[in-house]
Amino acid sequence: MTEAATGHYSVMADEMEGYLLSEASGAGHGAYCDCTAGEGGYARRILRRTSGSTVIAIDCDRAALDRCRRRLSEFRGRVQYFHGSFSKIADATSGHLPLAGIVADLGLSRLQLADAERGFSFRLEGPLDMRFDRSQELRAADLVNRGGERELANLLFRLADERFSRRIARAVMRARPVRDTTHLAQIVAAAVPRRGHRRIHAATRTFQALRMAVNDELGALGALLELAPGLLAPGGRFVVVSFHSGEDRMVKHSFRRHAAAGIYKLLTRRVVRPSADEVKRNPPSRSARLRAACRTGQEFPIK
Ligand SMILES: C[S@@+](CC[C@H](N)C(=O)[O-])C[C@H]1O[C@@H](n2cnc3c(N)ncnc32)[C@H](O)[C@@H]1O
Numbered sequence: 004m005t006e007a008a009t010g011h012y013s014v015m016a017d018e019m020e021g022y023l024l025s026e027a028s029g030a031g032h033g034a035y036c037d038c039t040a041g042e043g044g045y046a047r048r049i050l051r052r053t054s055g056s057t058v059i060a061i062d063c064d065r066a067a068l069d070r071c072r073r074r075l076s077e078f079r080g081r082v083q084y085f086h087g088s089f090s091k092i093a094d095a096t097s098g099h100l101p102l103a104g105i106v107a108d109l110g111l112s113r114l115q116l117a118d119a120e121r122g123f124s125f126r127l128e129g130p131l132d133m134r135f136d137r138s139q140e141l142r143a144a145d146l147v148n149r150g151g152e153r154e155l156a157n158l159l160f161r162l163a164d165e166r167f168s169r170r171i172a173r174a175v176m177r178a179r180p181v182r183d184t185t186h187l188a189q190i191v192a193a194a195v196p197r198r199g200h201r202r203i204h205a206a207t208r209t210f211q212a213l214r215m216a217v218n219d220e221l222g223a224l225g226a227l228l229e230l231a232p233g234l235l236a237p238g239g240r241f242v243v244v245s246f247h248s249g250e251d252r253m254v255k256h257s258f259r260r261h262a263a264a265g266i267y268k269l270l271t272r273r274v275v276r277p278s279a280d281e282v283k284r285n286p287p288s289r290s291a292r293l294r295a296a297c298r299t300g301q302e303f304p305i306k
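The structure is reproduced here in structure tokens:
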């Protein structure tokens, strides 16, 4: 299926493929872990380029994993699916270690955003849900309608650098109960000063922060960054695509720290951004940032 047919574009797929599967990585054999299988775009690239490989496809959204399974049906036998967080990568990949490569494409997909029932979009009326994993209890409504004002303000500031976090939190407290996504978007828009040419919608940061909190996205990334070096074979590659400056910072620091300890060789000295052509074809890709590292032969953890 083409990207246009599925309504989903895999961001920086050529760059991901270049770093994950270059000649130097010994592509073609072994097991690769796609931590965020989503619509299967990255996994398909890996499977096509490497005839002898296995892909472990992880996603904590069961509906996404089911779509991925259908889309990759032609590769049956070469893909293993794991429903859960990539913070459980050690469980998901046991039996396939050490890995030839790990890739993570953080955040949410366009299909998830476009599904009003999931509650990710401030443009579509839907429940205040925002869970990737729908078997989880915590939803955005719990943070918005039950949490304290200070807690909400801190969350908006910490996870999305929202400069009007206090005003927004106060407005939310006054308006409670907040009914749904569009109600929340209206409350936020009314709480922040109007500006002539705002680059992004007033509610963008609030929705991003709530989604990240509901899914503990920084916590999961932190766990993955710590576990990855212990799972990769010497020469194995680790590629991370993020859309959030806080996430990119975590990746940068982890890669540098492990490089200083001799565990990684950095493949990207500077962050890699999508080409102008890609941004034109797929505007949401504009905030993507890619970093890659290669596992050395150094023992891990170092005693
Ligand atoms: C941007 S999409 C990935 C798209 C994919 N690279 C492709 O080419 O189709 C991100 C996916 O990661 C999943 N996800 C986000 N956080 C996760 C986590 N902690 N563990 C597992 N999956 C996660 C989301 O459910 C979503 O399906």
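For the sequence shown, my numbering begins at 4 and goes up steadily by one.
Glycine is no exception: its CB is placed at the ideal position from the N, C-alpha and C atoms.
Coarse secondary structure for residue i, derived from DSSP in three states
i, result
"residue 109", "coil"
"residue 57", "strand"
"residue 37", "strand"
"residue 195", "coil"
"residue 151", "coil"
"residue 237", "strand"
"residue 297", "strand"
"residue 227", "helix"
"residue 282", "helix"
"residue 276", "coil"
"residue 102", "strand"
"residue 139", "coil"
"residue 124", "coil"
"residue 181", "coil"
"residue 221", "helix"
"residue 270", "coil"
"residue 62", "strand"
"residue 84", "strand"
"residue 1", "Missing from the structure shown is residue 1; the chain here goes from 4 to 306 and no further."
"residue 254", "helix"
"residue 175", "helix"
"residue 90", "helix"
Spatial distance of residue i from residue j (CA atoms)
i, j, result
"residue 290", "residue 104", "24 Å"
"residue 160", "residue 84", "36 Å"
"residue 260", "residue 300", "16 Å"
"residue 191", "residue 250", "24 Å"
"residue 117", "residue 124", "7 Å"
"residue 225", "residue 86", "19 Å"
"residue 203", "residue 287", "12 Å"
"residue 279", "residue 47", "24 Å"
"residue 15", "residue 256", "21 Å"
"residue 156", "residue 168", "5 Å"
"residue 149", "residue 173", "13 Å"
"residue 145", "residue 154", "12 Å"
"residue 193", "residue 13", "35 Å"
"residue 141", "residue 126", "22 Å"
"residue 75", "residue 54", "14 Å"
"residue 119", "residue 265", "46 Å"
"residue 285", "residue 99", "35 Å"
"residue 165", "residue 79", "45 Å"
"residue 196", "residue 205", "9 Å"
"residue 219", "residue 115", "17 Å"
"residue 73", "residue 189", "38 Å"
"residue 69", "residue 283", "30 Å"
Own chain, CB closer than 7 Å to residue i, minus 5 neighbours either side, in chain order
i, result
"residue 122", "129, 130, 131, 132, 133, 143, 184"
"residue 223", "88, 89, 90"
"residue 93", "230, 234"
"residue 258", "267, 269, 294, 296"
Integer-rounded CB distance, given that residue j should sit under 8 Å from residue i
i, j, result
"residue 35", "residue 102", "7 Å"
"residue 227", "residue 38", "6 Å"
"residue 20", "residue 52", "7 Å"
"residue 81", "residue 56", "7 Å"
Beta-carbon spacing of residue i, residue j below 9 Å
i, j, result
"residue 90", "residue 230", "yes"
"residue 107", "residue 242", "yes"
"residue 187", "residue 209", "yes"
"residue 245", "residue 109", "yes"
"residue 179", "residue 147", "yes"
"residue 238", "residue 297", "yes"
"residue 211", "residue 269", "no"
"residue 33", "residue 60", "no"
"residue 158", "residue 111", "no"
"residue 1", "residue 217", "Beyond the ends of the chain as shown, which are 4 and 306, falls residue 1; an answer cannot be given."
"residue 152", "residue 181", "no"
"residue 240", "residue 24", "yes"
"residue 66", "residue 170", "no"
"residue 262", "residue 22", "no"
"residue 17", "residue 41", "no"
Beta-carbon proximity list for residue i, same chain, < 6 Å, skipping 5 on both sides
i, result
"residue 49", "35, 58"
"residue 64", "135"
"residue 95", "59, 61, 85"
"residue 281", "288"
"residue 292", "245, 251, 274"
"residue 303", "232, 233, 266"
"residue 277", "15, 288, 291"
Same chain, Cβ closer than 8 Å to residue i, five either side skipped, listed in chain order
i, result
"residue 221", "162, 215, 249, 250, 253"
Test: residue i CB closer than 9 Å to a CB of chain D
i, result
"residue 81", "Among the chains of the structure shown, chain D does not appear; only one protein chain is present."
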